[in-house]
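Protein chains in written order, with the numbering used here: chain Y, 1 to 148; chain A, 1001 to 1149.
In this text, a Cβ means the ideal position worked out from N, Cα and C, and glycines have one as well.
Scroll down for the structure; my scribbles are underneath it.
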Amino acid sequence: MAIDLASAEPGNVLGVLRVEPITRHMLALYCGASGDHNPLHVDIDAARRGGLDDVIAHGMLSMAHLGRLLNSITRPENLREFGVRFCAPVNIGDALSCTATLAARRAGTNLLEIDLVGRCQAGNVKVTGRAIISYDEEGARAARHAIQ
Amino acid sequence: MAIDLRHIGRVFGPHIVTIESGRLRLFAKATGQQDRVFFDDNAAFAAGYKAAVAPPTFAFCLEMDREDPFDMLTALDIDLGRVLHGKQSFCYHGILHSGDEVSITSRIADISCKRGGAMEIVRIETDVRAADGSLAVAMMKTLVVRAAG
């Protein structure tokens, strides 16, 4: 991705990821791959017993997509912190649009704070998050120094 | 308050897990991962890694690899059907690769009550340590437990 993280300014969009609409098949695959076998995500009978109309997507599947977005912005070793809040259930048919925006530069370091958001096609926010990355190896060393 | 506060501080594990390449391939397929660094050792070598790299949220899956992934909920007498995942965070100290053997320990960090008892919040801290004992990833999971009935 052609973003110069060294010169990006707060408010700049660093990346966008559009995810295919959620299908039951995706949830079955994620159930097996993740080891999260909570039936709420794959068994409509279990979902109804839990008071829901239908299965809902694993929150961690949405977070994995935000992780892919971060990986399009920086190398894995530059990711320091990554946290999300699951605001609303992601339903079958929801197509997440994930956006990463530069929130702030930490003074005296090469650490960048990134705001993350995932919205469905209707615009409703499903997940919000924050990540901290360093933008190069030199930045990574400076950051470790600052922490110590 | 339905959940016994005496569970705060309770530790589960450690359990030892090896990060398997097949698991990374399946995780990549399930999450639409197209960057081969995350599932193909050769692509990872070419990018300067010792083996395929575990994606940012993969460590959460390792926590689910205990013999009974929901044993903490059982121990706290929480019905899985009432649990929602509220928040999740990761703090990275190193990256995990295919073939790494890691040690995973979880701790009940906090239990609290919200909305006059309509929901309870359980926070669980999990450390993932490399074979040499160094901390690789620290995770924090916040579960929202809806009141029964």
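Across the set A28(Y), A8(Y) and N110(Y), the C-alpha of A28(Y) shows the shortest separation from the C-alpha of V55(Y). Within 8 Å of the CB of G50(Y), the CB atoms of chain A belong to G1081 and R1082, in sequence order along the chain.
In the structure shown, H25(Y) falls within a helical segment according to DSSP collapsed to helix, strand and coil. Put simply, the CB of R85(Y) is near chain A, with a gap under 9 Å to one of its CB atoms.
At a cut-off of 3 residues, the continuous stretches assigned as beta strand (DSSP E) that sit fully inside the region 68-131 of chain Y are 79-86, 97-105 and 111-119. For T1074(A), the closest Cβ of chain Y is not nearer than 9 Å. Rounded to whole angstroms, the separation of the alpha carbons of I1121(A) and S1112(A) is 5 Å. Rounded to the nearest whole angstrom, the CA to CA distance from G118(Y) to G11(Y) is 16 Å. In the pairwise beta carbon analysis, the region 1069-1089 of chain A is classified as not touching the region 67-76 of chain Y: fewer than three pairs are separated by under 8 Å.
Annotated three-state conformation of L40(Y) is helix, per DSSP.
Cβ contact annotation for V42(Y) (same chain, cutoff 8 Å, sequence separation greater than five): R24, L27, A28, C31 and V55, in chain order.
Any Cβ of chain Y closer than 9 Å to the Cβ of V1053(A) would place that residue at the interface, and such an atom is present.
With respect to A1043(A), R1036(A) sits close: the two C-beta atoms are nearer than 9 Å. Secondary structure at V1037(A): helix, using DSSP grouped into helix, strand and coil. In the DSSP assignment, M1140(A) falls within the unbroken beta strand (DSSP E) covering L1135 to R1146. Excluding five sequence positions before and after I1003(A), the CB atoms of its chain that fall closer than 6 Å to its own CB belong to L1076, I1111 and E1120, given in chain order. In the displayed model, Y1049(A) falls within coil according to three-state DSSP, outside both helix and strand.
The beta-carbon of P1014(A) is placed no less than 9 Å from the nearest beta-carbon of chain Y. A distance below 9 Å separates the beta carbons of F1027(A) and A64(Y). When secondary structure is reduced to three states using DSSP, F1058(A) falls in the helix class.
Residue state for D1077(A) is assigned as coil, using DSSP reduced to three classes.
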